[in-house]
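Asker: Let me begin by handing over the structure; questions about it come next.
Residue numbers (the numbering used here): 352 to 757.
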């Protein structure tokens with residue numbers, strides 16, 4: 352039996368039940384499936400099943416990715432569970448939440464009963480969230496159908512929740528809380544994703560920069576910041592793949608009740624990650640590309656995206672309190688420069704991956720290159736008087752607004 356039989360696995364977990372299982376088109380790292388119980392009493396009526404292999408397929412190539420990634424995801428999700436470190440925070444409507452973690456199994460496919468093979472695999476069972484859409488899809492639907500004050504207030508609220516919650520997750524207090532649990536700290540301190548992230552974010556960049564003046568210089572700036580940074584960026588607890596596709600909201604929300612974003616796909620999480628120059632730059636860079644497109648072609652969508660980004664940045668800034676002195680020895684000034692580099696890289700990657708047919712593609716690339724240019728070769732370049740004046744001209748002023756300047 353080569354075709355996976357996930358219903359058989361679920362029958363072994365929940366005795367005397369039958370299940371229908373269908374693939375969900377979500378991401379390429381794992382197989383994600385929706386399972387509905389058709390007979391029996393044990394277990395939930397429906398759930399989400401995520402199956403991981405020790406590799407993932409990208410454009411026909413198999414890329415290794417440790418199965419420990421699902422142990423990481425299971426551990427993170429337990430932190431937001433009822434008895435987890437952050438369980439109390441989840442009870443508030445003013446923060447995000449995670450899907451409820453149900454079960455984690457790992458072993459040979461034959462032992463898991465999904466095939467007769469001896470290949471190793473792992474499975475996560477998670478809460479079924481019902482009919483949901485990702486953050487961008489939700490805002491796009493609103494822009495097409497309803498831009499009432501209620502909708503605008505909801506978008507502002509969502510941005511506030513995401514910014515404040517992410518800053519809290521990146522905080523030293525959260526790091527200390529994780530360190531207080533050695534079992535959790537051991538799992539989250541694993542280095543599982545560096546090669547995968549390099550493949551996804553850096554492998555094609557030389558091609559994208561091939562015809563760009565100073566393209567090789569920009570690439571080397573990024574390589575140095577990632578592989579051999581001149582400064583030590585303190586590690587923090589990060590999602591590791593924080594983008595609008597991993598933020599879910601109801602397909603048909605009730606605007607008279609507060610919405611709580613649901614954050615999914617925590618395989619890239621680590622306690623030794625980068626905050627502003629990682630999670631935040633990824634999130635903003637992709638939305639920035641969408642904003643560039645929308646403000647020219649769909650003004651209502653552009654306005655909502657701008658409100659989302661501005662409320663996110665304001666909430667993150669307020670919660671994180673990153674005072675930037677614009678001095679060579681100042682940590683936050685170093686992080687600011689690094690964030691510009693990563694933001695520029697991610698804008699260029701996203702434009703090439705998802706927006707090549709967009710009328711504003713060239714503008715996306717131009718603005719992405721602006722970030723790489725403004726970072727300079729080093730902190731001396733970055734802090735030069737002329738460059739500091741140019742930094743104030745940042746399109747939409749997103750990265751700049753994350754910091755407090757005296």
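Heads up, the beta-carbon is just placed ideally off N, CA and C, and yes, glycines get one too.
Going straight from the alpha carbon of residue 491 to that of residue 485, what length do you get?
Answerer: For the purposes of this step, residue 491 is taken as the residue at position 140 of the chain shown. For the purposes of this step, residue 485 is taken as the residue at position 134 of the chain shown. Distance between the alpha carbons of residue 491 and residue 485: 10 Å.
Asker: Looking only at its chain, what residues have a beta carbon closer than 6 Å to the beta carbon of residue 383, apart from the 5 residues adjacent to it on each side?
Answerer: In the chain shown, residue 383 corresponds to position 32, counting from 1. If we look at residue 383 and ignore the five residues flanking it on each side, its Cβ neighbours are 375, 377 and 401.
Asker: Residue 398 and residue 478 - do their beta-carbons sit closer together than 8 Å?
Answerer: Taking the first residue of the chain shown as 1, we reach residue 478 at position 127. Taking the first residue of the chain shown as 1, we reach residue 398 at position 47. Yes, Cβ-Cβ distance for residue 478 and residue 398 is below 8 Å.
Asker: In this structure, what does DSSP give as the bridge partners for residue 474?
Answerer: Numbered from 1 along the chain shown, position 123 holds the residue referred to as residue 474. Bridge partners of residue 474: 402 and 456.
Asker: Within the continuous beta strand (DSSP E) that includes residue 485, where are the two ends?
Answerer: As a first step, residue 485 is located in the chain shown; it is residue number 134 there, counting from the start. Note, residue 485: beta strand (DSSP E), 483 to 485.
Asker: Report the residue from 431, 723, 436 and 535 whose alpha carbon sits nearest the alpha carbon of residue 451.
Answerer: As a first step, residue 451 must be located in the chain shown, where it is residue number 100. The candidate whose alpha carbon is nearest that of residue 451 is 431.
Asker: Less than 8 Å between the beta carbons of residue 550 and residue 560, yes or no?
Answerer: Start at 1 with the first residue of the chain shown, and residue 550 comes out as number 199. Start at 1 with the first residue of the chain shown, and residue 560 comes out as number 209. It is not a contact, given that the beta carbons lie outside the stated cut-off.
Asker: Contact defined as beta carbons within less than 8 Å: I believe residue 633 pairs with residue 697. What is the distance between those atoms, to the nearest angstrom?
Answerer: Residue mapping note: residue 633 aligns to position 282 of the chain shown, counting from 1. Residue mapping note: residue 697 aligns to position 346 of the chain shown, counting from 1. Confirmed, about 5 Å.
Asker: Which residue from 748, 622 and 637 puts its Cα closest to that of residue 715?
Answerer: Walking along the chain shown from the start, residue 715 turns up at place 364. Checking every option, the nearest Cα to that of residue 715 belongs to 637.
Asker: Taking one C-beta from the region 379 to 394 and one from the region 493 to 511 each time, how about it: are there three or more such pairs within less than 8 Å?
Answerer: Segments in contact, no.
Asker: Taking the DSSP output, what are the residues bridged to residue 388?
Answerer: Here residue 388 refers to the residue found at position 37 when the chain shown is read from its first residue. Answer is 370, bridged to residue 388.
Asker: Just how far apart, CA to CA, sit residue 565 and residue 410?
Answerer: Locating residue 565 in the chain shown gives position 214, counting from the first residue. Locating residue 410 in the chain shown gives position 59, counting from the first residue. If I take the Cα positions, the gap works out to 29 Å.
Asker: Are the Cβ atoms of residue 626 and residue 587 separated by less than 8 Å?
Answerer: By 1-based counting over the chain shown, the position of residue 626 is 275. By 1-based counting over the chain shown, the position of residue 587 is 236. Contact: yes.
Asker: Could you spell out where the beta strand (DSSP E) holding residue 587 opens and where it closes?
Answerer: Working through the chain shown from its first residue, we reach residue 587 at position 236. Run containing residue 587: 587 to 589, per the beta strand (DSSP E) assignment.
Asker: If you draw a straight line from the alpha carbon of residue 740 to that of residue 563, how long is it in whole angstroms?
Answerer: Reading the chain shown from its first residue, position 389 is the one you call residue 740. Reading the chain shown from its first residue, position 212 is the one you call residue 563. Answer to the nearest angstrom: the Cα atoms are 24 Å apart.
Asker: Counting pairs of Cβ atoms below 8 Å between the region 678 to 696 and the region 655 to 668, do you hit three or more?
Answerer: The answer is no - the region 655 to 668 does not touch the region 678 to 696, with fewer than three Cβ pairs under 8 Å.
Asker: Considering Cα atoms alone, identify which of 366, 357, 365 and 379 is closest to residue 373.
Answerer: Against the chain shown, residue 373 aligns to sequence position 22. When only C-alpha atoms are compared, the closest one is 357.
Asker: Specify, as a first and last residue, the run of the beta strand (DSSP E) that residue 307 falls within.
Answerer: Here the chain has residues from 352 to 757 only, and residue 307 is not among them.
Asker: Between which two residues does the beta strand (DSSP E) containing residue 623 stretch?
Answerer: Residue numbering aside, residue 623 sits at position 272 when the chain shown is read from its first letter. Segment 621 to 624, the beta strand (DSSP E) holding residue 623.
Asker: Give the range of the beta strand (DSSP E) segment to which residue 598 is assigned.
Answerer: On the chain shown, position 247 is the one that residue 598 refers to. Unbroken beta strand (DSSP E) run through residue 598: 598 to 601.
Asker: Using a Cβ-Cβ cut-off of 8 Å (strictly less than) and excluding sequence neighbours within five positions of residue 649, which residues of its own chain qualify?
Answerer: Working through the chain shown from its first residue, we reach residue 649 at position 298. The answer, listed in chain order, is 494.
Asker: Just checking, does the region 617 to 624 make contact with the region 536 to 551 on the three C-beta pairs under 8 Å criterion?
Answerer: Yes, since at least three Cβ pairs between the region 617 to 624 and the region 536 to 551 fall closer than 8 Å, the two stretches touch.
Asker: My assumption, with CB atoms under 8 Å, is that residue 602 sits in contact with residue 505. Please give the rounded CB distance.
Answerer: For this step, residue 602 is matched to residue 251 along the chain shown. For this step, residue 505 is matched to residue 154 along the chain shown. 14 Å between Cβ atoms; not a contact.
Asker: Output the distance between the C-alpha atoms of residue 413 and residue 407, rounded to the nearest integer angstrom.
Answerer: As a position in the chain shown, residue 413 is number 62, starting the count at 1. As a position in the chain shown, residue 407 is number 56, starting the count at 1. Whole-angstrom Cα-Cα distance: 6 Å.
Asker: Look at the Cβ atom of residue 360, then the Cβ atom of residue 465, and state whether they are nearer than 8 Å.
Answerer: On the chain shown, residue 360 is found 9 positions in, with the first residue counted as 1. On the chain shown, residue 465 is found 114 positions in, with the first residue counted as 1. Cβ distance < 8 Å, so residue 360 and residue 465 count as in contact.
Asker: Please check the pair residue 611 and residue 448, which I expect to be a contact at CB under 8 Å, by giving their CB distance rounded to whole angstroms.
Answerer: The count along the chain shown starts at 1 and reaches residue 611 at position 260. The count along the chain shown starts at 1 and reaches residue 448 at position 97. That pair is a contact at about 5 Å.
Asker: Would you mind giving the Cβ-Cβ distance between residue 521 and residue 589, rounded to the nearest angstrom? I have them listed as a contact below 8 Å.
Answerer: One-based indexing of the chain shown puts residue 521 at position 170. One-based indexing of the chain shown puts residue 589 at position 238. Confirmed, about 7 Å.
Asker: How would you call residue 747, buried or exposed, if buried means at least 16 neighbouring beta carbons within 10 angstroms?
Answerer: Along the chain shown, one-based indexing puts residue 747 at 396. The residue in question, residue 747, is buried, as its Cβ has 16 or more Cβ neighbours within 10 Å.
Asker: So, with DSSP's three-state summary, where would you put residue 408?
Answerer: For the purposes of this step, residue 408 is taken as the residue at position 57 of the chain shown. Of the three classes helix, strand and coil, the one that applies to residue 408 here is strand, per DSSP.
Asker: Over what stretch of residues does the alpha helix (DSSP H) that includes residue 422 continue unbroken?
Answerer: Translated into the one-based positions of the chain shown, residue 422 becomes position 71. Its alpha helix (DSSP H) spans residues 419 to 430.
Asker: With the cut-off set at 8 Å, would you say residue 755 and residue 635 are in Cβ contact?
Answerer: Here residue 755 corresponds to residue number 404 of the chain shown, with the count starting at 1. Here residue 635 corresponds to residue number 284 of the chain shown, with the count starting at 1. It is not a contact, given that the beta carbons lie outside the stated cut-off.
Asker: In or out: residue 628 buried (at least 16 other Cβ within 10 Å) or exposed?
Answerer: If you number the chain shown from 1, residue 628 lands on position 277. The residue in question, residue 628, is buried, as its Cβ has 16 or more Cβ neighbours within 10 Å.
Asker: Go ahead and label residue 574 buried or exposed: buried means 16 or more other beta carbons lie within 10 angstroms of its beta carbon, across all protein chains shown.
Answerer: Residue numbering aside, residue 574 sits at position 223 when the chain shown is read from its first letter. Exposed, because fewer than 16 other Cβ atoms sit within 10 Å of the Cβ of residue 574.
Asker: What's the gap between the Cα of residue 418 and the Cα of residue 617?
Answerer: Here residue 418 corresponds to residue number 67 of the chain shown, with the count starting at 1. Here residue 617 corresponds to residue number 266 of the chain shown, with the count starting at 1. In a straight line, the C-alpha of residue 418 is about 13 Å away from that of residue 617.
Asker: Name the two residues that bound the continuous alpha helix (DSSP H) containing residue 539.
Answerer: Taking the chain shown and counting its residues from 1, one reaches residue 539 at position 188. Here the alpha helix (DSSP H) through residue 539 covers 533 to 539.
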